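Enquirer: In this note's numbering, the protein residues as written are 7 to 138.
Glycine is no exception: its CB is placed at the ideal position from the N, C-alpha and C atoms.
The model shown is predicted, which means the values in this text are computed figures rather than measured ones.
What follows is the structure in structure tokens.
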């Protein structure tokens, strides 16, 4: 009997991909905190995860190794964040404290997903080897 990793792991692999993309966006905001005119970007995690879930369930497969894997393309859910502070005069909307907190939260959620997947993999390994 074949094991379906998609069914065994659920949405957690896609969640890791979305959280990785979110970390890149937040890190970009922090890196551009002093750039005049830079607008802070954000990601709607629920929208991006729903898109990733839909792509996981689609029946499209790669027929050539040079084709893009659409299951890992995360574009929706990214937009500009509404500023929490008034304009400082240079047009930059990055609030470094908010970005740091969001980065920390995202990091903790990423680690939680990794721990969940590790538990699932250990459970599958135990089922395959008979607990040895």
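What whole-angstrom Cβ distance do residue 39 and residue 100 have, given they're in contact under 8 Å?
Expert: Here residue 39 refers to the residue found at position 33 when the chain shown is read from its first residue. Here residue 100 refers to the residue found at position 94 when the chain shown is read from its first residue. Contact flag correct, Cβ pair sits at about 4 Å.
Enquirer: Beta-carbon within less than 7 Å of residue 91's beta-carbon, same chain only, minus the 5 sequence neighbours each way: which residues are those?
Expert: Residue 91 sits at position 85 when you count from the first residue of the chain shown. Same-chain partners within the cutoff: 101.
Enquirer: Spell out the partners DSSP gives residue 85 in its beta bridges.
Expert: Taking the first residue of the chain shown as 1, we reach residue 85 at position 79. Note: residue 85 sits in a beta bridge opposite 48.
Enquirer: Let me know the secondary structure DSSP gives residue 39 once reduced to three states.
Expert: Walking along the chain shown from the start, residue 39 turns up at place 33. Three-state DSSP puts residue 39 in coil, outside helix and strand.
Enquirer: Which residues in the same chain have their Cβ closer than 6 Å to the Cβ of residue 22, if we skip the five residues on either side of it in sequence?
Expert: Taking the first residue of the chain shown as 1, we reach residue 22 at position 16. Around residue 22: 119.
Enquirer: Who are the Cβ neighbours of residue 108 in its own chain at under 6 Å, not counting the five residues just before and after it?
Expert: Locating residue 108 in the chain shown gives position 102, counting from the first residue. Hits under 6 Å: 32.
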